[in-house]
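Residue numbers (my numbering), protein chains in the order written: chain W, 1 to 414; chain X, 415 to 746. Let me begin by presenting the structure, written as structure tokens, before commenting on it.
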């Protein structure tokens with residue numbers, strides 16, 4: 001007797017890589033959208049598209065908001081939201097600009113600016129996590145507060161004293177090919193992706209987003225993690241601020257309004273659910289590029305910037321609606337319009353579909369069976385095919401009878 | 415004994431803190447600037463804040479159901495510009511018809527929001543974020559980027575909001591009337607109570623036979639209608655219209671609601687609190703504009719006030735819970 005095999009459950013839930021699954025993943029769909037937009041651009045303006053510098057300028061145009069989107073992934077992952085990021089960005093730019101005006105070295109100014117962003121984030125985080133205030137309210141209020149502080153401090157002034165390499169970062173290309181801003185963004189994005197997908201901290205974010213109670217009971221320090229996430233959001237807004245200041249070369253208190261909502265829109269387009277606990281870091285990264293390319297394509301089509309926002313809005317709405325068109329949705333439609341809203345008829349159709357599937361599996365078995373001769377195989381396959389046809393006919397007849405009965409019954413009721 | 419009861423009733427009044435804050439502010443106003451209490455200033459303050467007041471009522475319906483609508487600023491713009499274009503196209507349309515048209519346009523926009531939230535079950539924040547962009551762009555399409563200035567307005571429409579009744583502009587009466595109607599609607603009608611029901615618990619209201627999706631659509635349509643009314647009155651009051659009007663108004667309106675004790679998670683919020691909050695905010699903006707150099711403080715102050723108000727609300731709630739527990743303990 002051999003020793004009985006000990007049953008172990010494989011806890012490492014790993015799906016096998018399947019090409020069919022991979023190709024319809026949300027990130028891949030985003031890639032297709034990006035490719036389609038590029039194709040459109042090539043068709044519309046081939047000479048412009050292949051001109052040197054076009055693609056770089058498109059990419060650069062989308063990069064000032066990009067880092068902010070990464071921070072937003074974390075916040076949305078928790079099921080929270082942060083609409084104060086535009087204001088935080090201006091505050092940290094302001095801190096940098098004021099210190100540079102005062103003659104501080106660039107490194108000090110940047111560190112102070114990032115710290116200011118982080119502190120603003122911690123303020124949000126403490127109010128949300130410690131005082132249990134809804135994130136929407138907190139961040140609406142703090143966006144007024146932060147922007148108000150910027151207005152008080154800066155007044156009508158514009159801060160222009162940023163170091164030259166800020167604008168090099170925002171406007172320059174490495175070797176004339178790759179924009180520095182994109183490299184900067186991708187470097188930060190890699191850090192965010194690794195943290196989200198490969199560390200314990202990242203997994204904890206998913207758990208909190210799915211159920212913060214469960215997270216609490218399983219020993220995750222929800223309050224602390226929430227504060228950290230909001231602080232990270234503030235820091236990423238500050239990093240965005242560096243690109244923003246470099247791009248515009250001057251900061252005033254009224255700038256960057258609407259950035260918060262744009263960042264949320266990009267993150268949602270990238271497949272991050274606002275309910276929390278769903279999404280990947282790659283999606284929003286692709287979505288950042290989609291937004292940039294879409295803006296440029298619409299520019300080339302002579303669509304005014306104020307009309308472009310219609311497309312932004314519609315794309316956002318369609319993006320959140322696409323996951324709704326799943327199997328249940330189509331089953332519901334079929335039940336309503338094909339089966340006259342009657343579950344019995346649906347059941348007949350389902351049963352016969354299952355029957356036919358089994359018969360088809362039988363055919364596959366016949367082909368796999370090597371002991372059979374050619375003649376036998378053909379005969380068996382024919383048999384099965386006849387069965388399938390019979391089952392289909394039976395299903396049709398059954399449904400027709402059931403429908404007739406139903407019609408008669410409904411007529412009687414009326 | 416009876417006197418004690420009245421005192422306790424006053425102390426237990428939910429918006430007690432707000433009233434105190436308002437009184438303190440008014441006393442401060444006495445010292446800051448005597449001219450605050452002139453009739454002209456009060457009337458002007460009310461006129462300037464009527465548009466916000468109407469928006470606030472609108473968003474209150476949505477907040478009570480537990481949703482949020484950040485597209486109202488854009489709806490205001492759509493309604494404002496379309497009313498203005500209508501007026502320019504046909505000078506003979508009477509103002510009241512224009513305003514009704516504004517309400518209808520707003521309600522139509524609200525219906526889109528309501529359909530997406532109620533029937534398609536998308537998160538309200540995302541729906542209204544999307545439609546905020548769409549409506550803002552639509553407003554631009556309608557105007558083609560043009561600005562409309564006072565000399566383009568017809569005499570009837572231009573004088574409509576400024577018609578004085580008892581010394582107050584007509585627009586103030588629209589706001590007050592809306593407050594009364596909406597207060598009665600929320601407090602004493604079946605659909606009004608249903609808004610609270612689905613905001614409090616969507617599960618139990620479903621069990622009670624309330625059609626949640628329809629009630630939600632109603633809330634968004636009402637909100638849109640209020641924003642539409644606000645848009646038409648904005649055009650009539652300020653006589654300068656572009657597709658950019660009303661940007662950022664949604665946040666201020668939500669802020670006023672929160673200050674007035676409307677819960678953003680739904681199910682809570684009363685008209686009296688919102689009325690006091692509107693008055694409080696108008697007093698603050700009016701006072702700040704009277705002190706030279708301090709009008710830049712407005713945003714920061716508003717933000718700080720909301721944070722404090724919410725913290726106080728939460729602290730109050732937990733205190734009340736503790737008191738209730740203690741009383742229950744005493745009874746046993």
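Where a beta carbon is used, it is the ideal one built from N, C-alpha and C, also for glycine. Nothing here was measured: the structure is a model prediction, and the numbers come from that model.
In the DSSP assignment, what residue or residues form a beta bridge with residue 578 of chain X?
Per DSSP, X/583.
Suppose the cutoff is 7 Å on Cβ atoms and the five residues either side in sequence are ignored; what does the same chain contact list for residue 415 of chain X look like?
Note on residue 415 of chain X: pLDDT 48, under 50, position unreliable in the model; no value is reported.
Leaving out five residues on either side along the sequence, give the residues of the same chain with a beta carbon under 6 Å from the beta carbon of residue 451 of chain W.
Chain W is shown only over 1 to 414; residue 451 of chain W falls outside these bounds and no answer can be derived.
Using a Cβ-Cβ distance cut-off of 8 Å, determine whether residue 148 of chain W contacts chain X.
Answer yes: the Cβ-Cβ gap between residue 148 of chain W and chain X drops below 8 Å somewhere.
Is the beta carbon of residue 61 of chain W sitting closer than 8 Å to the one on residue 139 of chain W?
For residue 61 of chain W and residue 139 of chain W, no; Cβs fall outside 8 Å.
Along chain X, in chain order, which residues have C-beta atoms closer than 9 Å to that of residue 306 of chain W?
In chain order: 550, 551, 553, 554, 555, 559, 657 and 658.
Applying a beta-carbon distance threshold of less than 8 Å, which residues of chain X neighbour residue 230 of chain W?
Within chain X, no residue comes near residue 230 of chain W; the closest Cβ sits about 15 Å away, beyond 8 Å.
Please report the distance separating the alpha-carbon of residue 282 of chain W from that of residue 275 of chain W.
The straight-line gap from Cα to Cα measures roughly 18 Å.
Against chain X, which members of the segment 267–286 of chain W pass a CB distance test of less than 9 Å?
Residues passing the 9 Å Cβ filter: 268, 273, 274 and 275.
How would you list, in chain order, the residues of chain X whose beta-carbon sits under 9 Å from the beta-carbon of residue 75 of chain W?
Going along chain X, no residue has its Cβ under 9 Å from residue 75 of chain W, so there is no contact; the nearest lies around 13 Å.
Quick one: what does DSSP say residue 351 of chain W is sitting in, helix, strand or coil?
Of the three classes helix, strand and coil, the one that applies to residue 351 of chain W here is helix, per DSSP.
Closest Cβ-Cβ distance between residue 714 of chain X and chain W: below 8 Å?
Answer yes: the Cβ-Cβ gap between residue 714 of chain X and chain W drops below 8 Å somewhere.
Locate the alpha helix (DSSP H) running through residue 56 of chain W, then write down its first and last residues.
Looking at the DSSP string, the run of the alpha helix (DSSP H) that includes residue 56 of chain W is 54–62.
Could you list the residues in the segment 664–687 of chain X with a C-beta less than 7 Å from some C-beta on chain W, going in chain order?
Under the 7 Å Cβ criterion, the segment 664–687 of chain X contributes 665, 668, 669, 672, 678 and 679.
Give the DSSP bridge partners of residue 179 of chain W, in chain order.
According to DSSP, residue 179 of chain W bridges with W/173.
Taking 8 Å as the CB-CB limit, is residue 142 of chain W close to chain X?
It does: the Cβ of residue 142 of chain W has a partner Cβ on chain X nearer than 8 Å.
Mapping the DSSP letters down to three states, classify residue 655 of chain X as helix, strand or coil.
Residue 655 of chain X: strand per DSSP, three-state reduction.
Taking Cβ positions, are residue 150 of chain W and residue 68 of chain W nearer each other than 8 Å?
For residue 150 of chain W and residue 68 of chain W, no; Cβs fall outside 8 Å.
Less than 8 Å separating the beta-carbons of residue 639 of chain X and residue 497 of chain X?
No, the Cβ-Cβ distance between residue 639 of chain X and residue 497 of chain X is not below 8 Å.
Please determine, among W/297, W/204 and W/340, the residue with the shortest C-alpha to C-alpha distance to residue 405 of chain W.
It is W/340.
When the Cα of residue 264 of chain W is compared with those of W/237, W/246 and W/245, which residue comes out closest?
Checking every option, the nearest Cα to that of residue 264 of chain W belongs to W/237.
Which class does residue 1 of chain W belong to by DSSP, given the choice of helix, strand or coil?
Note on residue 1 of chain W: pLDDT 47, under 50, position unreliable in the model; no value is reported.
Measure the CB-CB distance between residue 211 of chain W and residue 222 of chain W and report whether it falls below 8 Å.
Their beta carbons are not under 8 Å apart, which means residue 211 of chain W does not touch residue 222 of chain W by this criterion.
Measure the beta-carbon distance from residue 243 of chain W to residue 188 of chain W and round it to whole angstroms, keeping in mind my assumption that it falls under 8 Å.
Going by Cβ atoms, the distance from residue 243 of chain W to residue 188 of chain W rounds to 10 Å, so no, they are not a contact pair.
Measuring straight from C-alpha to C-alpha, what distance separates residue 625 of chain X and residue 158 of chain W?
Cα to Cα, the separation comes out at about 54 Å.
Per DSSP, residue 562 of chain X is paired with what?
Answer is X/655.
Verify whether the separation of the beta carbon atoms of residue 420 of chain W and residue 587 of chain X is less than 8 Å.
Nothing can be reported for residue 420 of chain W: it is not among the residues displayed for chain W, which extend from 1 to 414.
Nearest-angstrom Cα distance between residue 43 of chain W and residue 193 of chain W?
Near 34 Å, if we compare the C-alpha coordinates of residue 193 of chain W and residue 43 of chain W.
I need the straight-line Cα distance from residue 153 of chain W to residue 714 of chain X, nearest angstrom please.
Answer to the nearest angstrom: the Cα atoms are 11 Å apart.
For the segment 112–141 of chain W, which residues have a CB atom closer than 9 Å to at least one CB atom of chain X, in sequence order?
So the list reads 127, 131, 132, 133, 134, 136, 137, 138, 140 and 141, given in the order they occur along the chain.
Output the distance between the C-alpha atoms of residue 253 of chain W and residue 647 of chain X, rounded to the nearest integer angstrom.
When rounded, the distance between both Cα atoms is 30 Å.
Please list, in chain order, the chain X residues whose beta carbon lies closer than 8 Å to that of residue 89 of chain W.
By Cβ distance, chain X contributes nothing, its closest Cβ being about 16 Å from residue 89 of chain W, past 8 Å.
Using a C-beta to C-beta distance shorter than 8 Å, which residues of chain W count as neighbours of residue 694 of chain X?
Within chain W, no residue comes near residue 694 of chain X; the closest Cβ sits about 15 Å away, beyond 8 Å.
Does residue 413 of chain W come within less than 8 Å of chain X when only Cβ atoms are used?
Not one chain X Cβ lies under 8 Å of residue 413 of chain W.
In or out: residue 716 of chain X buried (at least 16 other Cβ within 10 Å) or exposed?
That one is buried.
Measure the C-alpha to C-alpha separation of residue 217 of chain W and residue 280 of chain W and round it to an integer number of angstroms.
Answer to the nearest angstrom: the Cα atoms are 25 Å apart.
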